Structure formats: structure tokens, C-alpha cells
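Contents: one structure, followed by commentary.
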Amino acid sequence: MTRRRTLITAQRILTQLKHDPRTIGLVLAVPAGLVGLLAWSLLHRPGQFNALGPRLLGVFPLTVMFLVTSVTTLRERTSGTLERLLTLPVAKGDIIGGYAVAFSLVAMVQSALVALLSYTVFGLHHVGIPWRSSLVALLSGLLGTAFGLALSALATSEFQAVQFMPAFILPQLLLSGLFVPLGDLPLGLRQVADVLPMSAAIRALQPNETVSGALLQSAVMLGYIGAALCVGALTLRRRQP
Amino acid sequence: MSPGVVVDHLVVSRRAHPILHGVSLRVAPGELVGLLGPSGSGKSTLMRTLVGVQAFQSGRVLVDDLPVGSPALRDRIGYVAQSPASYRDLTVEENVRYFAAMLGVEARDASRVIDVVDLNAHRHDLVSSLSGGEINRVSLAVALLGAPRLLVLDEPTVGLDPVLRERLWTVFGHLRDQGLAVVVSSHVMDEAARCDRLVLLREGRVIFEGGPDLLLTTTNSSTYDNAFVALVRSAP
Ligand SMILES: Nc1ncnc2c1ncn2[C@@H]1O[C@H](COP(=O)(O)OP(=O)(O)OP(=O)(O)O)[C@@H](O)[C@H]1O
Ligand SMILES: [Mg+2]
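These protein sequences, in sequence, are chains A and B. Counting in the working numbering, the first sequence runs from 98 upward without gaps. Counting in the working numbering, the second sequence runs from 50 upward without gaps.
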């Protein structure tokens with residue numbers, strides 16, 4: 098794995114995005130728009146947006162980046178370009194790393210935009226640690242990218258890849274504590290909910306979370322990112338059976 | 050020491066279906082070999098094995114004395130897959146430059162190969178806006194990058210007009226003259242005449258091997274098309 102090839106690959110992926118301004122627009126505008134919608138809908142319930150808003154910063158980057166990454170990498174797998182790349186003196190890590198770098202940049206811009214609008218236009222009051230929401234939003238975007246890379250190996254068409262989104266995201270959302278407080282879940286589900294990646298993101302963003310607690314949750318997310326990237330690299334095969 | 054391609058008793062099965070049944074093949078440096086055969090006969094499978102993307106069950110496949118798939122071969126083989134492998138949402142130049150950078154050759158080389166495949170006028174066009182034959186030439190340009198010792202070209206001239214085909218076969222000939230081993234598959238039988246040697250596959254077996262003239266004389270045919278039909282129809 099070389100840094101040069103990783104960066105060149107990241108640059109190539111960003112150039113592809115650049116030629117597709119509509120996708121960039123959707124990736125950036127949809128999460129911000131959703132948070133705005135939530136703020137608006139809770140206009141007459143002061144306090145609720147402040148409770149929910151920060152946690153959504155952990156949900157949107159994960160969801161959007163998961164979708165974008167799984168579709169882009171699936172395209173790379175099915176178009177033959179991945180197979181072609183793997184015949185070159187290229188490490189699998191160069192390709193996986195390129196995706197991780199490119200999409201974490203996108204996730205960074207995306208979460209910065211959501212955070213900026215939330216704290217200015219949408220009237221979110223920041224309580225807790227200032228750097229936290231940006232860090233967690235970035236990690237959550239990376240989680241989406243890493244899982245998108247790994248799970249796209251299971252899809253054989255873009256249609257299937259899109260179906261992975263509800264299958265992967267919605268159960269985590271249901272068990273994230275946003276709908277049912279974690280303490281009220283049946284025991285078996287509670288244990289599952291405790292270890293899900295999205296739960297870590299949401300917990301790290303809870304206003305009453307301590308610094309060390311947020312760091313611990315971030316470490317859990319990093320662990321998931323690392324593991325999913327490794328699985329992603331394993332799914333790249335130079336030789337077809 | 051036998052540089053070039055050595056294939057001995059190659060057996061390939063995909064999903065438990067036997068596809069190649071003990072194929073043997075030699076391609077020397079400076080030799081242009083045409084791979085012919087009916088659709089589904091295993092041409093692409095054999096070529097995929099040569100570039101190391103297809104696993105095989107038994108046999109021996111060496112390029113420059115190294116087993117295919119060896120890391121040391123990765124900058125020595127230029128490959129055009131049957132279905133074009135380029136990024137539709139990048140321009141011609143962005144595609145070729147990216148592959149050049151991954152291969153570790155200079156950006157200047159990208160301009161050279163774009164020239165060779167006559168895509169200069171489209172260098173800044175998105176691949177998605179190109180015609181089928183133009184898209185194929187993007188893949189061909191990528192295969193010519195750097196200094197390959199072996200070119201494996203799976204139907205590189207499909208969808209091209211006679212003028213462009215002529216031009217590209219001249220390029221293949223030049224590369225052969227420079228000492229490259231070149232394997233080209235084709236359905237256009239007239240292209241057979243441009244090869245030093247022909248290998249005809251049928252149902253995963255080699256049923257003919259020899260020069261273009263031998264193909265005509267053994268089948269007693271006047272055209273390559275007739276020779277092909279005669280051989281493919283002949284009893285095993
Ligand atoms: N991915 C695959 N999985 C299973 N079998 C396959 C796969 N790809 C090809 N085959 C089978 O392998 C056989 C040989 O295919 P191959 O692509 O090598 O033929 P070909 O000679 O290149 O044909 P064509 O001239 O149409 O390109 C075919 O019978 C095909 O059904
Ligand atoms: Mg074929």
C-alpha cells in the first residue's frame with residue numbers, strides 16, 4: 098500500500114463526483130434539509146429539537162455515506178474497472194484507502210454544513226463539548242463508507258445495493274434509543290443495541306455524555322471502521338473462481 | 050528459460066462447468082497470435098487466465114517464467130477485457146491518466162497512448178458521451194501504457210470501422226516487431242491474416258494451430274470465413 102496511490106485514487110473518486118454535481122447537491126443538501134425540517138416541525142415544542150438534533154448528526158452522515166459508497170463501489174465491481182485495477186501493481190489497501198479518504202472528505206463537508214446550519218439557522222443550542230459533534234459526524238460518515246465498501250460485495254446489482262440501506266440502517270435506527278429509550282428495550286435487544294455502530298455515534302452525541310464517554314464511543318466507532326475496511330479489502334479478489 | 054507465454058494442459062471450470070479442457074499454448078516474444086473460435090468456446094476465459102484474473106483447476110500457466118498472477122507480472126501485461134473497463138463519469142484523459150498513475154508511469158505516456166488509439170479529439174469528453182468503438186479504444190489505450198512485455202487483447206477491434214481496424218492492426222504489428230508477445234482474439238476472420246499464428250478453440254479445446262496459410266490449405270478453403278466454418282463443423 099502506498100500513500101501516493103491511495104491519494105491518486107481518492108482524487109479520482111472526487112473527480113468522478115465533480116462530474117456529477119447533482120449527486121454532490123443531494124449528498125450535501127438532503128441531511129441539512131432534513132435537520133431543518135425537524136427543527137421546523139418541533140417549532141412549538143421548545144427543547145425537543147435540542148434533544149434530538151445533535152443525535153441526528155450521528156445518523157445522517159452514516160446513512161448518506163453508506164448509500165453513496167455502496168453504489169459507487171458496486172459500480173466499480175461490476176464495470177470491470179476494479180478487476181482491471183487489480184491486474185496492476187496496486188495494493189487492495191490503495192483502493193479501499195482511496196475510497197475512505199475521498200468519502201471522509203465528503204462526510205466532513207457534509208457534517209460541517211449540517212452543524213453550521215443547525216447552530217445558526219435552525220437554532221440548535223450547543224451543550225457539551227464543541228469539537229464533539231464534528232468528530233462524531235465525521236466518524237459516522239466514515240462508518241457509512243466502511244460498511245458500504247464491505248457490504249457492496251454482497252450485492253450483484255445497484256438495485257440490491259440500494260435495498261441494503263433499509264436492511265442495514267433501519268434496524269440500527271430502531272434500536273438506537275431515538276424511538277424507545279435503551280433502558281426500556283427487552284434484554285436480548287438491549288444487548289444487541291448496545292453494540293451497534295450507530296448506537297455508539299448517538300451516545301457520543303448525547304448532551305449529558307462525558308468527555309471520556311464520548312471518547313470511548315469514538316474508539317468503538319473507530320474499531321468498527323477498521324474492521325469494516327479490512328472486510329472490505331478481503332472482498333476485493335484479484336482472481337475470480 | 051522460456052520468455053513469453055507458456056500454457057500447458059490448462060483446465061478451467063466455472064461454477065462446476067468445465068470450460069477449458071486441457072489447453073496448451075505458446076506465445077513467443079515478437080509473436081502475434083490470433084485466438085479464434087465460436088462464441089462461448091473459451092477465448093475470453095483463456096485470456097483472463099493469462100492476465101491472472103481467472104483461477105484455474107489444473108495445468109501450468111507461465112508468463113516470462115513466472116506463474117500468472119505473480120506480483121512481478123503486474124506491470125508487464127497490458128490487457129483489454131472483452132467488456133470495456135473505464136470510468137464512465139471521467140473524461141478520456143482522466144481515465145488514462147489515472148491508470149497511468151496507478152501503473153506508475155508518467156502522465157506524458159497517457160498522451161502518447163491516447164494518440165495511438167486516435168482519441169485525441171475526444172480527450173476531454175466524458176466516456177459516457179462516447180460511441181461504443183470509442184469506449185473500447187479507451188481500454189485499449191490503458192493496455193498500451195508503460196512498457197508491457199505481453200499484450201492480451203480480447204476483441205479490441207469490435208465495433209470499429211475498417212480504417213480504424215487497419216490502423217490498430219498496424220499498431221499491434223509494430224508492437225510485435227518491438228518484441229512484445231501479443232495475443233488478440235477476434236470474430237472478424239479477415240483479421241486472421243494479420244497474425245503470425247492462429248489458435249482455434251472449440252468447446253474449450255484447441256482444434257487448430259498454425260499460420261493463416263495453413264488454415265486455408267488444411268481446410269481447402271479460399272476465405273478465412275469458410276475455413277473457420279469448415280473447422281468448427283468438422284468432426285472432433
Ligand atoms: N462468470 C461466468 N460464470 C460461469 N460461466 C461462465 C462465466 N463467464 C463465462 N462462462 C462460460 O464459459 C464459457 C466460455 O466463455 P468465454 O467468455 O470464455 O467464451 P468466448 O469464446 O470468449 O465467447 P465470445 O466469443 O462470445 O466472447 C461459456 O460457455 C460461458 O457460458
Ligand atoms: Mg469472449
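Don't be surprised by glycine CBs; every beta carbon is placed ideally from N, CA and C. Please read all numbers here as calculations on a predicted model, not as lab measurements.
Whose CA, out of the options, lies closest to the CA of residue i?
i, options, result
"Val161 of chain A", "A:Gly241, A:Arg109, A:Leu153", "A:Gly241"
"Ser286 of chain B", "B:Ala159, B:Glu215, B:Arg216", "The first residue shown for chain B is 50 and the last is 285, placing residue 286 of chain B beyond what the model contains."
"Arg125 of chain B", "B:Ser132, B:Gln131, B:Pro116, B:Pro133", "B:Pro116"
"Phe259 of chain A", "A:Ile193, A:Ser167, A:Phe244, A:Glu173", "Looking at the sequence shown, residue 259 of chain A is not Phe but Val. Taking only the C-alpha atoms, the option nearest Val259 of chain A is A:Ser167."
"Glu306 of chain A", "A:Ala136, A:Leu284, A:Pro151", "A:Pro151"
"Gln113 of chain A", "B:Thr140, B:Gly118, B:Ala121", "B:Thr140"
"Glu80 of chain B", "B:Leu229, B:Leu194, B:Thr267, B:Leu122", "B:Leu229"
"Gly153 of chain B", "A:Leu185, A:Ser208, A:Ile192, A:Leu210", "A:Leu185"
"Ile256 of chain B", "B:Val60, B:Pro78, B:Leu85", "B:Leu85"
"Arg97 of chain B", "B:Asp174, B:Ala150, B:Val201", "B:Val201"
"Leu175 of chain B", "B:Val112, B:Arg123, B:Glu142, B:Thr272", "B:Glu142"
"Ala276 of chain B", "B:Glu252, B:Val237, B:Arg254", "B:Val237"
"Gln269 of chain A", "A:Leu210, A:Ala148, A:Leu286, A:Arg119", "A:Leu286"
"Ala65 of chain B", "B:Gly118, B:His58, B:Gly83, B:Gln106", "B:Gln106"
"Val165 of chain A", "A:Val127, A:Gly220, A:Leu134", "A:Val127"
"Ala204 of chain A", "A:Leu312, A:Ile121, A:Leu267", "A:Ile121"
"Ser62 of chain B", "B:Glu252, B:Asn169, B:Glu183", "B:Glu252"
"Pro67 of chain B", "B:Ser51, B:Val82, B:Gly89", "B:Gly89"
"Ser201 of chain A", "A:Leu221, A:Gly190, A:Leu239, A:Leu182", "A:Leu239"
"Arg142 of chain A", "A:Gly220, A:Ala234, A:Phe276", "A:Gly220"
"Thr106 of chain A", "B:Val220, B:Asn144, B:His173, B:Ala130", "B:Asn144"
Look at residue i and residue j and say whether their C-beta atoms are less than 8 Å apart.
i, j, result
"Val166 of chain B", "Arg186 of chain B", "yes"
"Val198 of chain A", "Leu326 of chain A", "no"
"Met295 of chain A", "Val156 of chain A", "yes"
"Leu74 of chain B", "Gly91 of chain B", "no"
"Gly53 of chain B", "Val72 of chain B", "no"
"Pro197 of chain B", "Gly101 of chain B", "no"
"Phe261 of chain A", "Ala252 of chain A", "yes"
"Ala192 of chain B", "Leu168 of chain B", "no"
"Gly274 of chain A", "Ile299 of chain A", "yes"
"Leu272 of chain A", "Ala290 of chain A", "yes"
"Val112 of chain B", "Leu199 of chain B", "yes"
"Val132 of chain A", "Leu153 of chain A", "yes"
"Val232 of chain B", "Leu99 of chain B", "yes"
"Gly182 of chain B", "Gly222 of chain B", "no"
"Asp57 of chain B", "Gly118 of chain B", "no"
"Leu80 of chain A", "Ile110 of chain A", "With chain A covering 98 to 338 only, the question about residue 80 of chain A has no answer from this structure."
"Leu280 of chain B", "Thr266 of chain B", "no"
"Leu210 of chain A", "Leu125 of chain A", "yes"
Tell me, which residues are paired with residue i by DSSP?
i, result
"Arg64 of chain B", "Per DSSP, none; premise fails for Arg64 of chain B."
"Thr140 of chain B", "B:Leu175"
"Ser107 of chain B", "B:Val60"
"Tyr128 of chain B", "B:Val201"
"Val54 of chain B", "B:Val76, B:Val112"
"Val82 of chain B", "B:Val232, B:Arg246"
"Gln337 of chain A", "B:Gln103"
"His70 of chain B", "B:Val60"
I think residue i touches residue j, with their Cβ atoms under 8 Å apart; what is that distance to the nearest whole Å?
i, j, result
"Asp245 of chain B", "Ser93 of chain B", "Going by Cβ atoms, the distance from Asp245 of chain B to Ser93 of chain B rounds to 21 Å, so no, they are not a contact pair."
"Ser231 of chain A", "Ala212 of chain A", "6 Å"
"Thr170 of chain A", "Leu236 of chain A", "20 Å between Cβ atoms; not a contact."
"Gln103 of chain B", "Arg336 of chain A", "7 Å"
"Pro211 of chain B", "Ala241 of chain B", "About 15 Å separates the two Cβ atoms, so there is no contact after all."
"Ser176 of chain A", "Ala149 of chain B", "Not confirmed; about 19 Å, so no contact."
"Gly195 of chain A", "Ala330 of chain A", "Not confirmed; about 12 Å, so no contact."
"Val129 of chain B", "Pro205 of chain B", "5 Å"
| field | Whole runs of the beta strand (DSSP E) within the region 184-218 of chain B, excluding any shorter than 3 residues | value | 199-203
| task | Taking only runs that begin and end inside the region 217-265 of chain B, name each unbroken beta strand (DSSP E) of 3 or more residues, in chain order. | result | 230-234, 246-251, 254-259
| Residue ranges of each alpha helix (DSSP H) run of no fewer than 4 residues wholly in the region 277-317 of chain A, ordered along the chain? | 284-292, 294-301
| field | Uninterrupted alpha helix (DSSP H) stretches inside the region 208-264 of chain A (no shorter than 4 residues) | value | Annotation note: the region 208-264 of chain A contains the following uninterrupted alpha helix (DSSP H) runs of length 4 or greater, listed N- to C-terminal: 227-248.
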